[in-house]
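Position 1 (the sequence shown) corresponds to 0 in numbering that gives the first Met the number 0; numbering is contiguous. Every residue, glycine too, gets a C-beta built ideally from N, C-alpha and C. Working notes, beginning with the structure itself.
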Amino acid sequence: MAKIQSRSKKKESGGRYKDFRKAKDFELAGIPTLTKIGEKKLKQIRVLGGNLKNKLMNNEFVNAYNGKSKKYEKVKIKAVLENPANRHFVRMNIITKGCVVDTEKGKVKINSRPGQDGSLDGVFV
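Following this line, the structure appears as structure tokens:
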């Protein structure tokens with residue numbers, strides 16, 4: 000069954016809204032991208048307007064910003080330490096925005112959205 004990103008069928012009071020139309024194509028939700036640690040793998044998906052979106056399926060490196068030297072470094076990821084999106088993502092090593100990963104040069108907090116941008120960017124913590 001398709002997931003829809005439209006208004007809820009129920010009111011705040013618990014009553015129901017009347018259906019004024021069926022679900023539309025532009026209200027369809029995409030399948031969540033669960034980015035994992037591994038050899039880099041991108042998936043291109045056609046979105047509204049014929050545009051293409053890059054979804055990052057796997058990646059083993061993160062572009063980490065070092066505030067002291069004001070430069071980016073390409074650092075290898077060891078494991079996911081924290082993930083505020085879902086506590087179960089830590090043991091499955093799933094990377095999302097806001098998660099903290101352990102790298103060879105220290106902890107890095109992910110700032111980019113790998114399922115939307117197609118890249119992994121972060122800041123040393």
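Alpha-carbon spacing of residue i relative to residue j, whole angstroms
i: glycine 114; j: leucine 33; result: 7 Å
i: arginine 6; j: leucine 47; result: 20 Å
i: lysine 21; j: glutamate 11; result: 21 Å
i: threonine 95; j: lysine 9; result: 30 Å
i: valine 74; j: proline 83; result: 22 Å
i: glutamate 59; j: asparagine 53; result: 17 Å
Exposure of residue i, with buried meaning 16 or more beta-carbon neighbours within 10 Å
i: glycine 117; result: buried
i: asparagine 85; result: exposed
i: glycine 29; result: exposed
i: leucine 51; result: exposed
i: phenylalanine 88; result: buried
Bounding residues of the beta strand (DSSP E) (the contiguous stretch that carries residue i)
i: glutamine 43; result: 40 to 45
i: valine 56; result: Looking at the sequence shown, residue 56 is not valine but methionine. Taken as a continuous stretch (DSSP letters only), the beta strand (DSSP E) holding methionine 56 covers 51 to 58.
i: leucine 119; result: Leucine 119 -> no beta strand (DSSP E), and no H or E assigned at all.
Extent of the continuous alpha helix (DSSP H) run through residue i
i: aspartate 116; result: 113 to 116
Among the options, nearest to residue i - alpha-carbon criterion
i: glutamate 26; options: Phe88, Lys39, Lys2; result: Lys2
i: lysine 40; options: Leu55, Tyr71, Leu51; result: Leu55
i: serine 111; options: Val89, Lys69, Tyr64, Phe88; result: Tyr64
i: valine 61; options: Asp24, Lys67, Lys104, Lys23; result: Lys104
i: tyrosine 71; options: Arg15, Met0, Asp18, Phe123; result: Phe123
Other residues of its chain near residue i: CB distance less than 6 Å, five sequence neighbours each side excluded
i: valine 100; result: Ile76, Val79, Val107
Sequence-distant residues of its chain with Cβ nearer than 8 Å to residue i (five each side left out)
i: isoleucine 93; result: Leu33, Thr34, Lys35, Val79, Asn82, Asn85
i: glutamine 43; result: Leu51, Lys52, Asn53, Lys54
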